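A quick write-up on the structure given underneath.
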Ligand SMILES: Nc1ncnc2c1ncn2[C@@H]1O[C@H](COP(=O)(O)OP(=O)(O)OP(=O)(O)O)[C@@H](O)[C@H]1O
Ligand SMILES: [Mg+2]
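Chains as they are written, first to last, in the numbering used here: chain A, 959 to 1367; chain B, 281 to 515.
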C-alpha cells in the first residue's frame, strides 16, 4: 500500500481536485491554528500574572498604619510603627519564622545617589540580611549584605542592575564607592531581579540607616518567610502574630488598618487555583475546538466519498480491490490532515511567537507559547481523526457493488 | 479448435427492492466460444444489462452457473473478483464512465495501475492504445473536452489495455450518431480479429447485424438465437 505508484496516484488526484483538497486542508488547518492560539494565550495569561510573584513564595509582609478604633485609652488616628524590639519579639516567639527583617524605604527623590559625575534618583532600602532572601534577589556580581555589615554598621551597599548600568556603565562597581546624599558607601555586590522597579534600587544595612538617615529604632516594614508551612498554617500564624502585636502596641485586634499584612503564599495559591481553573477552561474549549475540527473533517470526508462513489465504481470495474479503494481515501485524508495540521501548528506557534516578540509584556500577558508535546499531540490527533473519519465511509464505499456505484449519479 | 470462454447454465437473477422481488433472468443457457463476436438484443427491460453485468462480475446472480473460461464465477470474494475484472474482462459502457478529472491517457492507463505497472510505462502503453483508436492528439484532454465518439474510443482503449479475453459492451453506440456508431463497430471488428471475444448489447438492428451471432432476450429467457452471414462482417 505504500509503494510509489499509490502516492503518485493520490497526489495527482489531490492536484486535480484542488478545491476539495483545499477545503479539507483548511478545516484541519483552522482547527489546529485556533487551538494553538487558544492554548498559547492561556499560557501567556498565566505567565503574565505569575510573573508578578517575583518574591519568595512564602514571604509575609507586615506594616503599621493609623488606628481607626479607639482602644485602651488611646484615641483613633495613632500611627503604629514597628521598632527593633518588634523584630526581636516575633523572632523570640515564633520558631517557624525565617529571614526576619525590617525594611526602611528611603524613597528616591529625597536621596540622591552618585558615582563621580553620574547622578541618579534611586530607591534606597535599608534592610536586614534576611530581606534579600525574601525579595528573591539574584546576585550577579560580588556578594550580598551579611550579618557583619549590619553589626559593624558598615557603609556598604548592593546595587541593582539598572543602578549599575546608569552609574557605572561598563565599569565594575564592586569595590568602588557610591555616594548617597554625599555619604560614601562601598559597593559590595550587584543584583538582578524580575521587575525593573526592583533593580532601580540600592540596599544598605538597616543599622546604618538607623544611624545616618533615620536616627532611631524604627524598622519600617517587617518581613519574614515561613518555611514550608501550608497556606492554612501560615494564615493562622500570621493571625496569631497580628493579635500579639496588636496587644503589644495597644491596638484593637479588630482594627484592620492599624496593622497591615500581605501573605504571598496565600495570594500565590489563589492564583494557582485560578489558573488551574483557566487551564481547565482552555482545555475544555481546546477539546471542543478539536472536536469541531474532527467533525468538520469527517463531514468533508463523508461528502468527498459520496461524491466519488461513481469514480470508485469505475475503479472497481477496472480491477480495484476494496483495500485499494480504502487506501486511496485514507492516505489522501492522512496526507491532507497531517500537512494541514502541521501547517496550522506552525502558523499558530509563529503567530504566538510574533506576539511574544512585538507585544510588550504586561501584568496580564507575557510570552505566550504552547507546550510542544500538546501541539504535536493535537496535530497527530486531528490527523488520526481525519483518517478515521475517512475510514468509515471509505469502507462502506469499498464494499458497495461496482454496479451500484456506477449507477450513482 | 474452439473453446468456451463464457458458459452460462440455468442462470437466475432477481432484484429485490423493499418487499418486492423482480425476477429478471429466468434460467439462461448461453455458450460463447473464444473469439466470437456476439450481440445481445431485446426490448427495454428484458434483462440485457443485467446479464452483461453478471458476465462482467460487476453484479452477482442467484442461481445457476457461470464459467469464465474454466473458472466457476460464483460467490467470489471482492479481491478475486477484482483480479478477474482486471485480467480477463474489458467493459465498455453506454455512458462511457471515464474518470472526469483524469485526462484521456490517464483514463486508458488506469487498469494497468491495478497491475502495479509504473506510471511511466503505463502512460506509454496507454499512448499506444490511444493511437490504435486514433486519439493520439487528444491524449491530454479531459473527458469533458471530448465528443461522445471520442469518449467511447477512450473507453474502448481502456477496455483493451490489459489485454482481456472478453470485451463486454453495453450499448456502446447508444449515445452516438450513426456515422460514429459504425466507426466504433469497425473498431470492434478489428479488436475481434485480434482474437478477443466481443459481446455487445444493443437494440439497434444495424449494429447487431454487424456481429456474427445474435441472441434475443425476452422476459428473461432466450427468445431466439441465430448466426449471420459472415460476409456482413467484413462488408
Ligand atoms: N438495481 C436494480 N434494482 C431493481 N431493479 C432493477 C435494477 N436494475 C434493473 N432492474 C430491473 O430489471 C429489469 C431488467 O433491467 P435491465 O437493465 O437488465 O434491462 P435492459 O434489457 O438492459 O433494458 P434497457 O434496454 O432499457 O437497457 C428492469 O425491469 C429493471 O427495472
Ligand atoms: Mg440496459
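Built from N, CA and C at the ideal position, the CB exists for glycine as well. For clarity, every value in this text was computed on a predicted model and none was experimentally measured.
Inter-residue spacing [alpha-carbon to alpha-carbon] between residue i and residue j
| i | j | result |
| --- | --- | --- |
| residue 1147 of chain A | residue 1340 of chain A | 54 Å |
| residue 342 of chain B | residue 356 of chain B | 13 Å |
| residue 1063 of chain A | residue 1022 of chain A | 14 Å |
| residue 1182 of chain A | residue 1333 of chain A | 41 Å |
| residue 1317 of chain A | residue 1004 of chain A | 16 Å |
| residue 400 of chain B | residue 389 of chain B | 10 Å |
| residue 333 of chain B | residue 376 of chain B | 15 Å |
| residue 1216 of chain A | residue 1037 of chain A | 8 Å |
| residue 353 of chain B | residue 337 of chain B | 8 Å |
| residue 426 of chain B | residue 489 of chain B | 28 Å |
| residue 501 of chain B | residue 302 of chain B | 14 Å |
| residue 494 of chain B | residue 319 of chain B | 5 Å |
| residue 1194 of chain A | residue 1016 of chain A | 14 Å |
| residue 463 of chain B | residue 414 of chain B | 11 Å |
| residue 1093 of chain A | residue 1110 of chain A | 23 Å |
| residue 1336 of chain A | residue 1251 of chain A | 11 Å |
| residue 1315 of chain A | residue 1225 of chain A | 29 Å |
| residue 1287 of chain A | residue 1263 of chain A | 8 Å |
| residue 1000 of chain A | residue 1254 of chain A | 24 Å |
| residue 975 of chain A | residue 968 of chain A | 11 Å |
| residue 1346 of chain A | residue 1249 of chain A | 13 Å |
| residue 1208 of chain A | residue 1123 of chain A | 46 Å |
| residue 1265 of chain A | residue 457 of chain B | 30 Å |
| residue 477 of chain B | residue 364 of chain B | 15 Å |
| residue 435 of chain B | residue 316 of chain B | 21 Å |
| residue 1027 of chain A | residue 1201 of chain A | 15 Å |
| residue 1298 of chain A | residue 1234 of chain A | 31 Å |
CB of residue i within 8 Å of CB of residue j, strictly
| i | j | result |
| --- | --- | --- |
| residue 1104 of chain A | residue 1164 of chain A | no |
| residue 1294 of chain A | residue 982 of chain A | yes |
| residue 1302 of chain A | residue 1018 of chain A | no |
| residue 448 of chain B | residue 381 of chain B | no |
| residue 487 of chain B | residue 461 of chain B | yes |
| residue 1119 of chain A | residue 1089 of chain A | no |
| residue 1267 of chain A | residue 1343 of chain A | no |
| residue 326 of chain B | residue 498 of chain B | yes |
| residue 1071 of chain A | residue 1138 of chain A | yes |
| residue 285 of chain B | residue 446 of chain B | yes |
| residue 369 of chain B | residue 444 of chain B | yes |
| residue 997 of chain A | residue 1073 of chain A | no |
| residue 1199 of chain A | residue 1040 of chain A | no |
| residue 1084 of chain A | residue 1166 of chain A | yes |
| residue 994 of chain A | residue 1328 of chain A | yes |
| residue 1277 of chain A | residue 362 of chain B | yes |
Own chain partners of residue i with C-beta closer than 7 Å, once the 5 adjacent residues on each side are dropped
| i | result |
| --- | --- |
| residue 1143 of chain A | 1113, 1114, 1115, 1135, 1136 and 1162 |
| residue 1324 of chain A | 1002, 1005, 1006 and 1009 |
| residue 394 of chain B | 366 |
| residue 1107 of chain A | 1114 and 1163 |
| residue 1206 of chain A | 1047 |
| residue 1363 of chain A | 1267, 1268, 1270, 1271 and 1274 |
| residue 979 of chain A | 972 and 1294 |
| residue 294 of chain B | 301, 302, 303, 304 and 342 |
Neighbourhood of residue i by C-beta, 6 Å cutoff - its chain only, sequence neighbours within 5 removed
| i | result |
| --- | --- |
| residue 1035 of chain A | 1024 |
| residue 290 of chain B | 307 and 344 |
| residue 422 of chain B | 383 |
| residue 513 of chain B | The predicted position of residue 513 of chain B is uncertain, since its pLDDT is 40 and thus under 50; no value can be drawn from it. |
| residue 429 of chain B | 456 and 460 |
| residue 1175 of chain A | 1041 and 1042 |
Residues near residue i in its chain [Cβ-Cβ closer than 8 Å; skip 5 each side]
| i | result |
| --- | --- |
| residue 1204 of chain A | 1210, 1211, 1213, 1216 and 1217 |
| residue 385 of chain B | 403, 406, 407, 410, 419 and 420 |
Residue-level contact to chain C via CB, residue i, 8 Å cutoff
| i | result |
| --- | --- |
| residue 1364 of chain A | Looking at the structure shown, chain C is missing, and the protein chains on hand are A and B. |
(request) Residues of the stretch 398 to 416 of chain B with a CB closer than 8 Å to any CB of chain A: list them in chain order, please. (result) Sequence-ordered contacts of the stretch 398 to 416 of chain B with chain A read 398 and 399 [C-beta pairs closer than 8 Å].
(message) Taking 6 Å as the limit, name every residue whose beta carbon sits nearer than that to some heavy atom of ligand 1, in sequence order.
(response) Residues lining ligand 1 by the Cβ criterion, that is a Cβ closer than 6 Å to any of its heavy atoms, are B/295, B/297, B/302, B/304, B/322, B/324, B/325, B/326, B/327, B/328, B/329, B/330 and B/483 in chain order.
(message) Under 9 Å, CB to CB, which of the residues in the stretch 1255 to 1279 of chain A have a partner in chain B?
(response) Result list: 1268, 1269, 1271, 1272, 1273, 1274, 1275, 1276, 1277, 1278 and 1279.
(message) Short of 7 Å Cβ to Cβ, which residues in the stretch 1349 to 1362 of chain A face chain B?
(response) Correct list: 1359, 1360 and 1361.
(message) Residues of the stretch 1207 to 1235 of chain A in Cβ contact with chain B at a cutoff of 8 Å, in chain order, please.
(response) Correct list: empty, as no residue qualifies.
(message) Residues of the stretch 335 to 362 of chain B in Cβ contact with chain A at a cutoff of 9 Å, in chain order, please.
(response) Flagged, chain order: 336, 337, 338, 339, 340, 358, 359, 361 and 362.
(request) For the stretch 421 to 433 of chain B, enumerate the residues whose C-beta is nearer than 8 Å to any C-beta of chain A, in chain order. (result) Within the stretch 421 to 433 of chain B, no residue has a Cβ that lies closer than 8 Å to any Cβ of chain A.
(request) For the stretch 383 to 399 of chain B, enumerate the residues whose C-beta is nearer than 7 Å to any C-beta of chain A, in chain order. (result) Correct list: 390, 391, 393, 394, 396, 398 and 399.
(message) Closer than 8 Å between beta carbons: that is the criterion. Which residues of the stretch 365 to 379 of chain B meet it against chain A?
(response) The stretch 365 to 379 of chain B vs chain A, Cβ under 8 Å: 365, 366, 367, 371, 373, 377, 378 and 379.
(request) Scan the stretch 300 to 333 of chain B for residues whose Cβ lies nearer than 8 Å to a Cβ of chain A and list them as they occur along the chain. (result) Residues 333.
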